[in-house]
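Visitor: Please see the structure below; I have some questions.
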Amino acid sequence: MHSSLHALPVLQDNVIWIWVRGAEAVVIDPAVAPPVRAWLEKRQLSLAAVLQTHHHADHIGGLEELLLCSHYVLNKKPRLILTEAYRDILWEHSLRGGCEHAVSGTLGFCDLAEFVVPEQTATKPREMYEVEVEGLKLTLFRTVHIPTEGDNSGSKFWSTGLLIDGRVLFTADTRFDPSLFEQLPMDNIETIFHDCQLYEPGTVHAPYNDLKTLDEGLRSKMHLTHYGDTFGEFNPSADGFAGFARPWAVYQ
Numbered sequence: 312m313h314s315s316l317h318a319l320p321v322l323q324d325n326v327i328w329i330w331v332r333g334a335e336a337v338v339i340d341p342a343v344a345p346p347v348r349a350w351l352e353k354r355q356l357s358l359a360a361v362l363q364t365h366h367h368a369d370h371i372g373g374l375e376e377l378l379l380c381s382h383y384v385l386n387k388k389p390r391l392i393l394t395e396a397y398r399d400i401l402w403e404h405s406l407r408g409g410c411e412h413a414v415s416g417t418l419g420f421c422d423l424a425e426f427v428v429p430e431q432t433a434t435k436p437r438e439m440y441e442v443e444v445e446g447l448k449l450t451l452f453r454t455v456h457i458p459t460e461g462d463n464s465g466s467k468f469w470s471t472g473l474l475i476d477g478r479v480l481f482t483a484d485t486r487f488d489p490s491l492f493e494q495l496p497m498d499n500i501e502t503i504f505h506d507c508q509l510y511e512p513g514t515v516h517a518p519y520n521d522l523k524t525l526d527e528g529l530r531s532k533m534h535l536t537h538y539g540d541t542f543g544e545f546n547p548s549a550d551g552f553a554g555f556a557r558p559w560a561v562y563q
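Okay, here's the thing in structure tokens:
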């Protein structure tokens, strides 16, 4: 079945990713909810599920609005792809304050959403989870985004990357972590969307100059995401990358 990945711009340095297969869409990191709904409605697509890689504002900003609008206006529950461990973190630390209060009493997370729970398939060298949604095989893997420690399998801050159908790798936000490419099944990966910052040091993101040290074969598949306003000063093609990921682009 035909599949495509759509990049919707939110800020210069971030986008919402929407994976479309047939008439179903999986939204990755809904930073702003209303444009996502309008985009889907215009194309007569159904929201199959939402996947949240981590809960920084530039990735989660639209999730609360999506939950509340679905509950009070659409009278339906969106499906969220969440591990059991992250579900409690997401609710208690990000969503509960704005979502739980109702006219009569309080709401719980399960009142606002249905949950698609991935199965844990590995604990080391990093936690990995798998789930199938609308024919898409999704593999979630833990990443180190906040430098509290270096253990990829047990970072105190919850952040994950995503492997789609074993073919498309999306790192979301991560520090420079070459071990990632040794620990994931890379044989069938055709395209990589990798977090990138254009300045140093790389405290919470992967600096451009560090990514340049990766193997040529990896760089040739790599579209750089989350880059900043100085991107015009760089020439990723000359440095062996596939390029900067383009807002409003469709990758098929």
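Each residue of the sequence shown is one higher than the one before, starting from 312 at the first, in my numbering.
Beta carbons are placed, not taken as given, at the ideal position from N, Cα and C, and that holds for glycine.
Since the model is a prediction, treat every value here as computed from it, not as a measurement.
1) Under a Cβ-count criterion, where at least 16 other Cβ atoms within 10 Å of its own Cβ denotes burial, should L385 be classed as buried or exposed?
2) In the structure shown, what three-state DSSP assignment does P345 receive?
3) Taking G477 and K435 to be in contact with their CB atoms under 8 Å, please state how far apart those CB atoms are, rounded to whole angstroms.
4) What residue ranges within the region 403-456 form continuous alpha helix (DSSP H) runs of no fewer than 4 residues, ordered along the chain?
5) In whole angstroms, what separates the C-alpha of D488 from that of A517?
6) Helix, strand or coil for I339, going by three-state DSSP, please let me know.
7) To the nearest angstrom, how far is it from the Cα of A368 to the Cα of P496?
8) Please report the Cβ distance between V561 and H317, rounded to the nearest whole angstrom; I am assuming they are in contact, meaning their Cβ atoms lie under 8 Å.
9) At a cut of 8 Å, does the region 396-410 reach the region 337-357 through at least three beta carbon pairs?
10) State the DSSP-derived secondary structure class of T524, mapped to helix, strand or coil.
11) Would you tell me roughly how many angstroms separate the C-alpha atoms of G333 and A359, rounded to the nearest one?
12) Use the C-beta contact count for G446: other C-beta atoms within 10 angstroms, 16 or more gives buried, fewer gives exposed.
13) Which complete beta strand (DSSP E) runs does the region 364-393 hold, if anything under 3 residues is left out?
14) Is the beta carbon of E511 closer than 8 Å to that of N520?
15) Of all the beta strand (DSSP E) runs that stay within the bounds of the region 482-549, which reach a length of 3 or more residues?
16) If you drop the 5 nearest sequence neighbours on each side, which residues of the same chain put their C-beta closer than 7 Å to that of T514?
17) Between the Cα of V442 and the Cα atoms of N499, F481, F426, which residue gives the shortest distance?
18) Mind checking S466: buried by the 16 CB within 10 Å criterion, or exposed?
19) Give me the Cβ distance between D550 and K523, rounded to the nearest whole Å; I'm assuming they're in contact under 8 Å.
20) DSSP puts I475 in a beta bridge; with which residues?
21) Considering only their Cβ atoms, is the gap separating Q508 from G554 smaller than 8 Å?
22) Three-state secondary structure (DSSP) at R354?
23) Helix, strand or coil for R557 per DSSP?
24) For I400, which residues in the same chain have their Cβ closer than 8 Å to its Cβ, ignoring the five residues on either side in sequence?
Guide: Reading off the structure:
1) Numbered from 1 along the sequence shown, position 74 holds the residue referred to as residue 385. That one is exposed.
2) If you number the sequence shown from 1, residue 345 lands on position 34. The answer is helix: DSSP assigns P345 an H, G or I state.
3) Reading the sequence shown from its first residue, position 166 is the one you call residue 477. Reading the sequence shown from its first residue, position 124 is the one you call residue 435. Separation of the CB atoms of G477 and K435 is rounded to 21 Å, and the pair is thereby denied contact status at 8 Å.
4) List check, alpha helix (DSSP H) in window: 407-410, 420-423.
5) As a working mapping, residue 488 is identified with position 177 in the sequence shown. As a working mapping, residue 517 is identified with position 206 in the sequence shown. One C-alpha to the other measures close to 8 Å.
6) Numbered from 1 along the sequence shown, position 28 holds the residue referred to as residue 339. Three-state DSSP puts I339 in a strand.
7) As a working mapping, residue 368 is identified with position 57 in the sequence shown. As a working mapping, residue 496 is identified with position 185 in the sequence shown. Spanning the two alpha carbons is a distance of roughly 30 Å.
8) Within the sequence shown, the letter at position 250 stands for residue 561. Within the sequence shown, the letter at position 6 stands for residue 317. 5 Å between Cβ atoms; contact.
9) The answer is no - the region 337-357 does not touch the region 396-410, with fewer than three Cβ pairs under 8 Å.
10) In the sequence shown, counting from the first residue as 1, residue 524 sits at position 213. Note: T524 maps to coil in three-state DSSP.
11) The count along the sequence shown starts at 1 and reaches residue 333 at position 22. The count along the sequence shown starts at 1 and reaches residue 359 at position 48. Rounded to the nearest angstrom, the two C-alpha atoms are 11 Å apart.
12) Residue numbering aside, residue 446 sits at position 135 when the sequence shown is read from its first letter. Exposed: under 16 other Cβ atoms inside 10 Å.
13) 390-392
14) Here residue 520 is taken as the residue at index 209 of the sequence shown, counted from 1. Here residue 511 is taken as the residue at index 200 of the sequence shown, counted from 1. The answer is yes: Cβ separation under 8 Å.
15) Runs of the beta strand (DSSP E) inside the region 482-549: 502-506, 533-536.
16) Here residue 514 corresponds to residue number 203 of the sequence shown, with the count starting at 1. P458.
17) Along the sequence shown, read from residue 1 onward, the residue named residue 442 stands at position 131. Taking only the C-alpha atoms, the option nearest V442 is F426.
18) Taking the first residue of the sequence shown as 1, we reach residue 466 at position 155. The residue in question, S466, is buried, as its Cβ has 16 or more Cβ neighbours within 10 Å.
19) Looking up residue 550 in the sequence shown gives position 239. Looking up residue 523 in the sequence shown gives position 212. Correct: roughly 5 Å between the Cβ atoms.
20) To locate residue 475, count along the sequence shown from 1; it is residue 164. L449, V479.
21) Here residue 554 is taken as the residue at index 243 of the sequence shown, counted from 1. Here residue 508 is taken as the residue at index 197 of the sequence shown, counted from 1. Taking 8 Å as the Cβ cut-off, G554 and Q508 do not qualify as a contacting pair.
22) As a working note, residue 354 is residue 43 in the sequence shown. DSSP places R354 in coil when its eight states are reduced to three.
23) In the sequence shown, residue 557 corresponds to position 246, counting from 1. In the structure shown, R557 sits in coil (DSSP, three-state: anything other than H, G, I, E or B).
24) As a position in the sequence shown, residue 400 is number 89, starting the count at 1. Cβ neighbours of I400 beyond the five flanking positions: H366, W469.
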